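Enquirer: In my numbering, the protein residues as written are 18 to 368. Starting off with a structure, shown below.
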């Protein structure tokens, strides 16, 4: 979090610019007349130095400074005929949150409110808060107030507005968290195989490519395992596709429980799975494949049609001078996989 004085100073600078630019233009004989100069003098007395380029009339430079610091404009509209004005004060949610954390009164966490409350009080006036809302998409907070005679503001009537102010901020924070969670869920769905929960083919390739680049950069071993559930078509024909799906889920779970956290797992397509093993040479990868083969062969799958057991065939290959790309590595592992199939299935072969 930035230093409070820095946040306050930037916020006040912004408020001054709009006060000087807008309020003095139509304030006539109301309390707002000359408020910009009074605020500057107040800051000077309280240790905040008001720096500006040129003079008070050099408003374009001030406004440029305010907007580049992330504060939106203040929209001012005249109220019904009389001695009050209403405006929408738009300022960044981040600055608002930081100011609210240090403000005893949430209403005064708005720098404009703080300034105008001080000035109005000198003239026997007060600020009445009409509404407070937050726009998460635009990233701003809105407030609508007016300057009224001090006896028109009820302390009891103000408290609920302060409470509502806090409640709206909390709701906004929850909505923002929910949005982030929803976006995260969308990203997860886009990268995950819907059936097994493993990385889908596209995301597996993305992660695997990163690992291949790292292996080249740091000159480390990296290997790949391709595995295929044996006689899977027969399982579907015998038990149906629902049981077939359950078999694939269980094989995926065996992969998760057997392989290391650093290994990249993915459903390659159909009943075929792929594993990338960082910092593993051919011997280590073959041992890992054998452990997984045994785990799958010993696994008992409970289904509505009774227990089912399956086996899988494995092919293993290692990155080397003759296969320096991910594609070449997977082709080698796939070639070894089909050698395991030809040799009788339920075994590990390497290329």
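A virtual CB, placed ideally from N, CA and C, is assigned to each residue, including glycine. Keep in mind it's a predicted model, so treat the numbers as computed, not measured.
Can you give me the Cβ contacts of residue 212 inside the same chain, cut-off strictly under 7 Å, excluding the 5 residues immediately before and after it?
Expert: The residues are 262, 265 and 266.
Enquirer: Where do the ends of the alpha helix (DSSP H) carrying residue 296 lie?
Expert: Run containing residue 296: none; DSSP gives neither H nor E here.
Enquirer: May I ask which residues mark the beginning and end of the beta strand (DSSP E) holding residue 284?
Expert: Note, residue 284: beta strand (DSSP E), 281-286.
Enquirer: Tell me residue 367's beta-bridge partners as DSSP assigns them.
Expert: Answer is 333.
Enquirer: Quick check on this structure: which residue in 209, 272 and 258 has the alpha carbon closest to the alpha carbon of residue 308?
Expert: The option with the nearest alpha carbon to residue 308 is 272.
Enquirer: Which one of 336, 367, 299 and 207 has the shortest CA to CA distance from residue 236?
Expert: Residue 336 is the option with its Cα nearest to residue 236.
Enquirer: Taking the straight line between their C-alpha atoms, what separation do you get for residue 224 and residue 310?
Expert: About 24 Å.
Enquirer: Looking only at C-alpha atoms, which of 295, 275, 342 and 343 sits nearest to residue 316?
Expert: The residue with the shortest Cα to Cα distance from residue 316 is 275.
Enquirer: For residue 289, I'd like the list of residues in its chain whose CB is within less than 6 Å of its CB, leaving aside the five on either flank, ordered along the chain.
Expert: Once the five neighbours on either side are set aside, the close Cβ partners of residue 289 are 245.
Enquirer: What are the complete beta strand (DSSP E) segments, minimum 3 residues, inside the segment 212-252?
Expert: Correct list: 239-246.
Enquirer: Just reading off the beta strand (DSSP E) that residue 323 is part of, what are its end residues?
Expert: Counting along the chain, the beta strand (DSSP E) containing residue 323 begins and ends at 323-325.
Enquirer: Taking DSSP as the reference, what is the three-state secondary structure of residue 259?
Expert: In this structure, residue 259 counts as helix in the three-state DSSP scheme.
Enquirer: Which same chain residues end up closer than 8 Å to residue 286 when comparing Cβ atoms and leaving out the 5 residues on each side of it in sequence?
Expert: If we look at residue 286 and ignore the five residues flanking it on each side, its Cβ neighbours are 218.
Enquirer: Could you give the residue range of the beta strand (DSSP E) that holds residue 319?
Expert: First-last of the beta strand (DSSP E) with residue 319: 318-320.
Enquirer: With DSSP as the reference, label residue 340 as helix, strand or coil.
Expert: Reduced to three states, the DSSP call for residue 340 is strand.
Enquirer: Is the distance from the Cβ of residue 338 to the Cβ of residue 350 below 8 Å?
Expert: Contact: no.
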